[in-house]
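The block underneath contains the structure these notes are about, expressed in structure tokens.
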């Protein structure tokens, strides 16, 4: 009988096992895009919940505010890693809430560097 062996290869993209790996992969993807001259990107990330990574779906019983409470610190951490330090000075991180009522869970995070070309939103 002829035995067929599966090909030997290493996958290009491996799903992250934890939040730290996910952040590393996101930073690497953004860095590659920047090197290619791409400055406008959409990142889709899993959300950390109870030590696991989960999709932002209907299983979040706390609704939009529970999602916001998880997403906002994740966005901050990602921007900390993406921010460009100039002369050892890290960028300033600021969150601007977009919903005046505070119940819609909308905000924009900005990493402002001393050089505008290094800012990240």
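Residue numbers (UniProt numbering): 1 to 121.
Backbone N, C-alpha and C fix where the C-beta goes; we use that ideal spot for every residue, glycine too.
In this text the structure is predicted, and so the values were computed from the model without any measurement.
#1: By the DSSP assignment, the alpha helix (DSSP H) with residue 66 in it spans what residues?
#2: At the level of alpha carbons, what is the spacing between residue 104 and residue 39?
#3: Rounded to whole angstroms, what is the Cα-Cα separation between residue 107 and residue 79?
#4: Assuming contact is defined by CB atoms lying nearer than 8 Å, are residue 93 and residue 111 in contact in what I supplied?
#5: With residue 111 as the anchor, note down where its beta strand (DSSP E) starts and where it stops.
#6: If you compare alpha carbons, which of 84, 15, 88, 96 is closest to residue 117?
#7: Could you tell me which of 74, 99, 113, 115 sits nearest to residue 22, measuring between CA atoms?
#8: Take residue 95 as the anchor and find which of 121, 115, 101, 113 has the nearest alpha-carbon.
#9: Please look up how many angstroms separate the CB atoms of residue 71 and residue 41, rounded, as I've assumed it's under 8 Å.
#10: Where do the ends of the alpha helix (DSSP H) carrying residue 35 lie?
#11: By the 10 Å Cβ neighbour count, where 16 or more other Cβ atoms means buried, how is residue 15 classified, buried or exposed?
Let me lay it out:
#1: 63-82
#2: 27 Å
#3: 14 Å
#4: yes
#5: Residue range 107-112 is occupied by the beta strand (DSSP E) that includes residue 111.
#6: 84
#7: Across the set 74, 99, 113, 115, the C-alpha of 74 shows the shortest separation from the C-alpha of residue 22.
#8: 121
#9: Not confirmed; about 16 Å, so no contact.
#10: 19-35
#11: It is exposed - the Cβ of residue 15 has fewer than 16 other Cβ atoms within 10 Å.
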